[in-house]
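Numbering (my numbering) for the sequence shown: 73 to 144. The C-beta atom is built at its ideal place from N, Cα and C for all residues, glycine as well. Working notes, beginning with the structure itself.
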Amino acid sequence: MSRLARVFDVFQTAGLRLLPVPGTKWYKISDAQGRELFLKEKEIIEHFGDLEEEEVRERFLNFELQERSGEG
């Protein structure tokens, strides 16, 4: 299993959706509350590749908060 496929599985288990943005190398990561984040495949693997479900959810929320505050 590739690292990206593993991340897809962990994201799904964590209640997050990971969808490709057509025509780009970006992916949209979103949750049921409407929060979303856009990252490239390389960044997804770098930041989420070795994490488990709970850690993925926490990191997603931290990234989303940073993006909203302009720190990202």
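- Near T85, which residues of its chain fall below 8 Å by C-beta distance, leaving aside the five closest residues on each side in sequence? E125
- Task: Have a look at R129 and T96 and give me their C-alpha separation to the nearest angstrom.
- Result: 24 Å
- Item | Beta-carbon separation (whole angstroms), F120 vs R131, contact threshold 8 Å | The Cβ separation is near 6 Å, so the contact holds.
- Task: Please list, in chain order, all residues of the same chain as W98 whose beta carbon is under 8 Å from its beta carbon, the five residues on each side excluded.
- Result: P92, F110, L111 and K112
- Let me know the secondary structure DSSP gives K112 once reduced to three states. strand
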